[in-house]
Every structure is written in C-alpha cells, then in structure tokens.
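**Q** Top to bottom, those sequences are chains A and B.
Under the numbering used here, the residues of the first sequence are numbered 1 to 509, in order.
Under the numbering used here, the residues of the second sequence are numbered 1 to 126, in order.
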Amino acid sequence: MPILPVLLPFTAALVMLLVPRLAAQRGVALASGLAGLAVAVLLLIEADTGTTLVYHLGNWPAPYGIVLVIDRLAALMVLLVSLLGLPSLLMAMGGSDASGRHFHALFQLLLAGLTGAFLTGDMFNLFVFFEILLLASYALLMHGPSAAEAERLRAGTIYVVLNLFGSSLFLVALALVYGTLGTLNLADIARLLPMVQAGDAALVRTAMVLMAAVFLLKAAIMPMTLWLPATYARAPAAVAALFVILTKVGVVMLLRLVVTGWGDAAVTEGLLMPWLPGLAIATILVAAIGVFSSRRLAEVAAWLVLISSGTLMFAVGFATPRATAALMYYLVQSTLLCAGLFVLAGHVAARRGPLGDRLDKAGAAFGREWLLPAWGLLAAGLAGLPPLPGFIGKLMLLQGAGDERWQGAWWAAVLLSSLAVLVVLARATGPLFWQARTVPVDAGPVLAGVGGLAPRVGLWWLVAAGPVLVILAGPMADYTARAAAQLHARTSYIEAVLGPVLVQRERRP
Amino acid sequence: MAMLLALMIGALVAGGVWLLLRPRSWSVVLGVTLLGYAVNLIILSAGRIDRRVPPISGGENLADPLPQALVLTAIVIGLGMTAFLVALALRGLAALGSDRLGEGPVDTLSADDEDDDGDGEGTKGA
C-alpha cells in the first residue's frame, strides 16, 4: 500500500510510452491521477491513526534495505501532490500537452519523483527520486510555444546546470555521511548522530551543512534565488503550477532532516540556527521587491513562490512543534494558491492574444466574467486577507515561529511582503480586467493552450482550495498539530523503521 | 594513495568549478562532467581505499560493496544528465545562434574567448 503512490504514476508513464495517441494518454493520465488521489486519501486516513507505516522495498530489513515511510506529514504531502497534480493535468489538457510527444509520460514521472521524495526514508533513494523529478522537470520545461523557445532555452540551461551542481553537492554530502556514519537511512542517521566520535565530527558537520545547502537551493533561498523566477515564469502554465511544489520538496526534506535526523545531537549544534532565519527573511524581502518589478502575471506568481518558501524556511529554522504545525498549514494553502495563479496567468495569456499575461491594458474583453471571480479569490488568498486561509496560515506562523531576537524582523518581513503582494495584485486588476473593454481592439481568437472545459475545471479546482481550506481550517489545523507532534516525537519514527530493539551494530573501522 | 586521491579530487573540482563559471555552454558541459568525476571519486573513497578482499569470499577485512553500488548509480544518472545537457546546449546553439549563456546582449560580452572552444562553429550574431 505505501508504495502505490509511487508505483501508479510510474506504471502510467510506462503505459504512455506504449500508447502514442494523445487522447489515450490523457485518459491514462486522468485515471492515474484519480486513482492516486484515492490512494492518497486512504493513506492519510490510515496515517492519521498514529501508526507510522513502513514499507521495506524487496523486504530487506532496515537499515540495509530501502524503506518508504508514511507518517502524517508524508501522507499530507502525498495528498497535496495529488491535489495539485490533477488540476495541473487538466490545465495541460487544454492543449499544451500536445507540444511534445512525451508530455504526459514526463508529467507522470515528475509525480512519481515527487511522491517518492516525500515517502522515502533513505537519503540515497531521496537523491534518486530527486533526479527523477528533476530530469522530468527539465524536459517539461522545454515544452511550450515555439515563439519563446530562445528565452526558455537560456533560462532552462541555467536551471539545469544549477541543479546538476546541486546534485553533485548532494552526492558529496551522501558520500561523507556514509563514510563517517556508515549508513544512509534517515532513522539510522538519527540513531548514530549522538554517538559520532570526535575525529569524525568535522566531516559529519560538513556533510550535514552540504545537505542542508542542497535543500535550500531547491527551495531557492537567498543567495540561490534568482534562477527560480527566470525559470518558472517561462514554463507553460500547467507545468509551472506543478513546479510550485518542487520548492516545497526542499522545505519538507530540510524539516525532516533537522527534526528527525538531527534532533538535538551535539554534533549538529548551531549548523542552521544563526543564519537560516536571516536568509529566509532576506528571501522574503527580495521576493517582495521582485513582485513590484514584475511585468507579467506569471512573474508575479514566481516571486510569490519565493515569498512562500522564505516564509516556510524561517519556520524550519525554529522547528518547534508549534512552528512545524503552522508551517504545514501554510504550505498546503500557499502551494495550491500559487499554482492557481500560474494557471490563471495561463488562461489570461491565452485569451489576450499577443499581449499574453503582461500587466498592460488588454484590447477586447476575454471572458473576464468567469476569470474575474477566480482572480479575486486567488488574489485575496495570496495577499492573506481574512478570512481566507492565507490569513490563517500567516497568523499561525507569526505566532508560532521565531523567538524574541527575531520577532521584530519576522513580523516586519511577513507583513511588508503581504502589503507588497496586496498592492501589486490590486494594481494588476485594472489593466488585466477592468480596463479590458476601453480599447475595442480585436485580440484575436483564443490561442491554443486553454481550449475546452478541462482547463477551467483545473483553475476552479485550485481557486476553490481557498474557501475549502477555510471551511476545513479547524480539522486541518488539528491534523497539522498532530502531524507536528508525531514528527517531533522522533523515537517513534526511528523505532518504526529500525524496530524497537536498537541493536548496536559493529562500528566501521 | 589517500593524498594522491585527495589531490586528484581537488584538481577535478577546481577545474570543474572554473569551467562551470565560463560563459559558454560547451565549457559548462565539460565543467559538469569534471565535477561528476570528482564526486564519483569522493563516493568511492567513502568505502575506504586500503586493500580489502571481495565481500563474497568470506574471511577477514571485507570490502564494503555499497559505495560501489552508489557510485554506479551516480555514474548512470550523471551520464543521463550530461546527455540531456549536451542536447540542450546544441538546441540552444541552433535556436540562439550562439552558445553563450545568460541574459543580456550577446555582443557586448568580451571578445577575448571568441571561438576558443576550437570547434569553429561559434556563429556570432543573433
């Protein structure tokens, strides 16, 4: 059962290589997405009983074999992948999936890599899933209208090279961990870290910092930030929407490494704490300035992704149960809403002809009757206006994260960035929607990319996430509180993976 | 032996990083490759570099097979990534008419390394 969320998209991707017809591929993708959603819900219900599900691949016992671990946090993230994957898929069915023969296969591989990364309890296996999702993301990035190919290639090459460099760092970190601790299993690392000998301490610290740096790169934290807006704003809307969760992989993995792996082992003392909150705040501020400099709606969305990952990383720095719970709640809503903004930008771009999603006055009206309410809900949610979940999430984070020393900077950064988002989104409403009919110029027919019903369903799915998360705010907050409590009870994770009896294995020479 | 390996890794990383920072995609591809070699050596050295016997033979002082499995995976993934990067660079060359990376007008970059990659294909302009 725990392996199904990974296996489903993998199988679907393989099937798609056998059936080249687009309609058939779409059918398989939808079936896989719906089945994945059902499995994710079942897993969430099962994980919420409080047991940590462990799946031993090939039935090899941990720490020798690879394990997939499902606790409440992993189940939540798998469900989020499903909830984000389906609307992105629907958006892609509007036509952008026709721009490459293997679009759907790559899409499924990206989903498989994502769920695998969230589930695995083995660091090298995490690297493998990272590479699967990165390779799929590289290829998906190259899909889209041929007019913008040159721009996309430039941004894409930088994205690929940067991530290859990140992968190299990750491998170095893994080699150092294995060389010193003799294991790559997260639970085993957690067990062995307090027993590191003095001679190995420097190497272990280096390895852990390198690993954290890789996760920070994935989350695009300062100073490794500027690749993200350049890349995401140029990807096709459906792909960009799914990419939003790629940054969250970095956040969640760092959270797991810090809370489960490091715990309070003396050897990891002070690795993140003096500087992570500062970098996170710097990311938020840079992104807030970036929002103002955006000339296209997709750029605004990309900078919003950065604000979100800076906010989340600040909470990771403090990793108390309360901050973790707030982080999870904020993560879910900001992922869905940022993705919604990318999808909306795709709709707007396709309907405004040559203007695209630039924040300029449009010519003729372009179906704003149903886009406008979606825009309103999304914008209010992203700016964090009450009673939408952005407000609740930010409030929880403001109360839960930070200590006396950081309180002032933290509140200022979050509130200022919210203000910047509010101003920019409010200002964009005019040129994007209200002034649309003042210049009756023919904007041309609706471009390929969002034809048919599916993209609209995809958009409203993501827009509806806001109100639904408000209605479910109570149960949801309870769930994240339980998930945080489970995450911080480290021994339950370690014992679930390694078994209750911690046999002292022979130390490596 | 350990010092030799360390020096090799150091040289590979230094060369790789320097090439990565070059403005042309071909040097970047080479840089990524060199960096990959360095990483593979680091992984291999995680299994210790003294003389050991194969783990299937039994007896004392067995070699650790896991780093070799890890390095194999890393090599395969690295090969795939490099292939993709080469394809991307070629497509960029075709689409942009230049193998320069990064934003900004192509011609304002310094001309000191004009066609220094020696393949004679450095089509200027675009």
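C-beta: ideal position from N, C-alpha, C; glycine also.
1) Roughly how many angstroms separate the alpha carbons of L462 (chain A) and Q399 (chain A), rounded to a whole number?
2) State yes or no: is the C-beta of G290 (chain A) within less than 8 Å of the C-beta of L306 (chain A)?
3) Is the beta carbon of L114 (chain A) closer than 8 Å to that of L140 (chain A)?
4) Between the stretch 293-320 of chain A and chain B, which residues of the former have CB atoms less than 9 Å from a CB of the latter, in chain order?
5) With a threshold of 16 other CB atoms inside 10 Å of the CB of R405 (chain A), please say whether the residue is buried or exposed.
6) Locate the beta strand (DSSP E) running through L355 (chain A), then write down its first and last residues.
7) Scan the stretch 471-501 of chain A and note each continuous beta strand (DSSP E) run of 3 residues or more that stays entirely inside, going in chain order.
8) For A238 (chain A) versus S96 (chain A), is the C-beta distance shorter than 8 Å?
9) Would you list the one or two residues that DSSP bridges to H56 (chain A)?
10) Please go through the same chain and pick out, in chain order, the residues whose beta-carbon is closer than 8 Å to the beta-carbon of A126 (chain B), but skip the five residues on each side of it.
11) Does any residue of chain A bring its CB to less than 8 Å from the CB of R22 (chain B)?
12) Under 8 Å, Cβ to Cβ, is there at least one residue of chain B near V470 (chain A)?
13) What residue range is occupied by the uninterrupted alpha helix (DSSP H) comprising S167 (chain A)?
14) Name, please, each residue of chain B whose Cβ falls closer than 8 Å to the Cβ of F124 (chain A).
15) CA-CA distance, M16 (chain A) and S167 (chain A)?
16) Under 8 Å, Cβ to Cβ, is there at least one residue of chain A near L101 (chain B)?
17) Between the stretch 81-102 of chain B and chain A, which residues of the former have a C-beta closer than 8 Å to a C-beta of the latter?
18) In three-state terms, what does DSSP make of N61 (chain B)?
19) Can you tell me the Cα-Cα spacing of A485 (chain A) and T51 (chain A), whole angstroms?
20) Compare the C-alpha of L118 (chain A) against each of A:A220, A:H102, A:L257 and name the closest.
21) Does D48 (chain A) come out as helix, strand or coil in the three-state DSSP assignment?
22) Could you compute how far the alpha carbon of L20 (chain B) sits from the alpha carbon of I77 (chain B)?
23) Within a Cβ cutoff of 7 Å, which residues of the same chain sit near S308 (chain A), ignoring the five residues on either side of it in sequence?
24) Is V239 (chain A) helix, strand or coil by DSSP?
25) List, in order along the chain, the chain B residues whose C-beta lies closer than 9 Å to that of L193 (chain A)?
26) Kindly list the residues whose CB is nearer than 6 Å to the CB of L469 (chain A), restricted to its own chain and excluding five residues on each side of it in sequence; keep chain order.
27) Output the boundary residues of the alpha helix (DSSP H) element that contains M396 (chain A).
28) Looking only at C-alpha atoms, which of A:E131, A:Y232, A:V39, A:V54 sits nearest to T82 (chain B)?
29) Rounded to a whole number of angstroms, what is the C-alpha to C-alpha distance between W411 (chain A) and T320 (chain A)?
30) Against chain A, does A14 (chain B) count as a neighbour if the rule is that its beta carbon must be under 8 Å from one of theirs?
31) Determine, for E269 (chain A), whether the minimum Cβ-Cβ distance to residues of chain B falls below 8 Å.
32) In or out: A325 (chain A) buried (at least 16 other Cβ within 10 Å) or exposed?
33) With 8 Å as the C-beta to C-beta threshold (strictly closer), list the residues of the stretch 165-183 of chain A near chain B in chain order.
34) Please list, in chain order, the residues of the stretch 146-157 of chain A that have any C-beta partner in chain B closer than 8 Å.
35) Residues of chain A with CB under 7 Å from P55 (chain B), in chain order?
36) What do you get for V39 (chain B), buried or exposed, if any count of 16 or more other CB atoms within 10 angstroms of its CB means buried?
**A** Let me lay it out:
1) Within the first sequence, the letter at position 462 stands for residue 462 (chain A). Within the first sequence, the letter at position 399 stands for residue 399 (chain A). Computed Cα separation, rounded: 27 Å.
2) Indexing the first sequence from 1 puts residue 290 (chain A) at position 290. Indexing the first sequence from 1 puts residue 306 (chain A) at position 306. Between G290 (chain A) and L306 (chain A), the gap from beta carbon to beta carbon is short of 8 Å.
3) Locating residue 140 (chain A) in the first sequence gives position 140, counting from the first residue. Locating residue 114 (chain A) in the first sequence gives position 114, counting from the first residue. Not in contact: L140 (chain A) and L114 (chain A) (Cβ atoms no closer than 8 Å).
4) Those residues of the stretch 293-320 of chain A that come within reach of chain B (Cβ to Cβ, closer than 9 Å) do not exist; the list is empty.
5) Residue mapping note: residue 405 (chain A) aligns to position 405 of the first sequence, counting from 1. By the 10 Å Cβ count, R405 (chain A) comes out exposed.
6) Mapped onto the first sequence, residue 355 (chain A) falls at position 355. Careful: L355 (chain A) lies outside any beta strand (DSSP E) and carries neither H nor E.
7) For the stretch 471-501 of chain A, not a single whole beta strand (DSSP E) run of length 3 or above is found.
8) Residue mapping note: residue 238 (chain A) aligns to position 238 of the first sequence, counting from 1. Residue mapping note: residue 96 (chain A) aligns to position 96 of the first sequence, counting from 1. Result yes, Cβ atoms of A238 (chain A) and S96 (chain A) sit closer than 8 Å.
9) Mapped onto the first sequence, residue 56 (chain A) falls at position 56. The partner list for H56 (chain A) (beta bridge, DSSP) reads A:V67.
10) Here residue 126 (chain B) corresponds to residue number 126 of the second sequence, with the count starting at 1. With a pLDDT of 35 at A126 (chain B), under the threshold of 50, the predicted position of this residue should be treated as unreliable, and no value is reported.
11) Working through the second sequence from its first residue, we reach residue 22 (chain B) at position 22. With 8 Å as the cut-off, R22 (chain B) does not count as an interface residue toward chain A.
12) As a first step, residue 470 (chain A) must be located in the first sequence, where it is residue number 470. No, no contact with chain B.
13) By one-based count along the first sequence, residue 167 (chain A) stands at place 167. Its alpha helix (DSSP H) spans residues 149-181.
14) One-based indexing of the first sequence puts residue 124 (chain A) at position 124. The contacting residues are L70, T73.
15) Taking the first residue of the first sequence as 1, we reach residue 16 (chain A) at position 16. Taking the first residue of the first sequence as 1, we reach residue 167 (chain A) at position 167. If I take the Cα positions, the gap works out to 28 Å.
16) Position 101 of the second sequence holds residue 101 (chain B). For L101 (chain B), the closest Cβ of chain A is nearer than 8 Å.
17) Hits within the stretch, in order: M81, F84, L85, L88, A89, R91, G92, A95, L96, L101, G102.
18) Start at 1 with the first residue of the second sequence, and residue 61 (chain B) comes out as number 61. Note: N61 (chain B) maps to coil in three-state DSSP.
19) Against the first sequence, residue 485 (chain A) aligns to sequence position 485. Against the first sequence, residue 51 (chain A) aligns to sequence position 51. Cα-Cα distance, rounded: 13 Å.
20) Position 118 of the first sequence, counting from 1, holds the residue named residue 118 (chain A). Checking the sequence shown, residue 118 (chain A) turns out to be Phe, not Leu. Nearest C-alpha to F118 (chain A): A:L257.
21) Residue mapping note: residue 48 (chain A) aligns to position 48 of the first sequence, counting from 1. Collapsing the DSSP output to three states places D48 (chain A) in coil.
22) On the second sequence, residue 20 (chain B) is found 20 positions in, with the first residue counted as 1. On the second sequence, residue 77 (chain B) is found 77 positions in, with the first residue counted as 1. When rounded, the distance between both Cα atoms is 19 Å.
23) Here residue 308 (chain A) is taken as the residue at index 308 of the first sequence, counted from 1. The answer, listed in chain order, is S334, C338.
24) Residue mapping note: residue 239 (chain A) aligns to position 239 of the first sequence, counting from 1. In the structure shown, V239 (chain A) sits in a helix (DSSP, three-state: H, G or I).
25) As a working note, residue 193 (chain A) is residue 193 in the first sequence. Here the premise fails: no neighbours, minimum Cβ distance about 17 Å.
26) For this step, residue 469 (chain A) is matched to residue 469 along the first sequence. Contacts found: Q333, P389.
27) Taking the first sequence and counting its residues from 1, the one referred to as residue 396 (chain A) is at position 396. Element bounds for M396 (chain A): 389-400.
28) Within the second sequence, numbered from 1, the residue matching residue 82 (chain B) stands at position 82. That would be A:E131, whose Cα lies nearest to the Cα of T82 (chain B).
29) Taking the first sequence and counting its residues from 1, the one referred to as residue 411 (chain A) is at position 411. Taking the first sequence and counting its residues from 1, the one referred to as residue 320 (chain A) is at position 320. Cα to Cα, W411 (chain A) sits roughly 18 Å from T320 (chain A).
30) Here residue 14 (chain B) is taken as the residue at index 14 of the second sequence, counted from 1. Cβ-Cβ to chain A under 8 Å: no for A14 (chain B).
31) Counted from its first residue, the first sequence places residue 269 (chain A) at position 269. Taking Cβ atoms only, chain B never reaches closer than 8 Å to E269 (chain A), which makes this a no.
32) As a working mapping, residue 325 (chain A) is identified with position 325 in the first sequence. When all chains shown are included, A325 (chain A) counts as buried.
33) F165, S167, S168, L171, V172, L174, A175, L176, Y178, G179
34) E149, A150, L153, R154, G156, T157
35) Stepping through the second sequence from its first residue, residue 55 (chain B) is reached at position 55. Those within 7 Å of P55 (chain B) in chain A number zero; the least Cβ separation is about 13 Å.
36) In the second sequence, counting from the first residue as 1, residue 39 (chain B) sits at position 39. With 16 or more other Cβ atoms inside 10 Å of its own Cβ, V39 (chain B) counts as buried.
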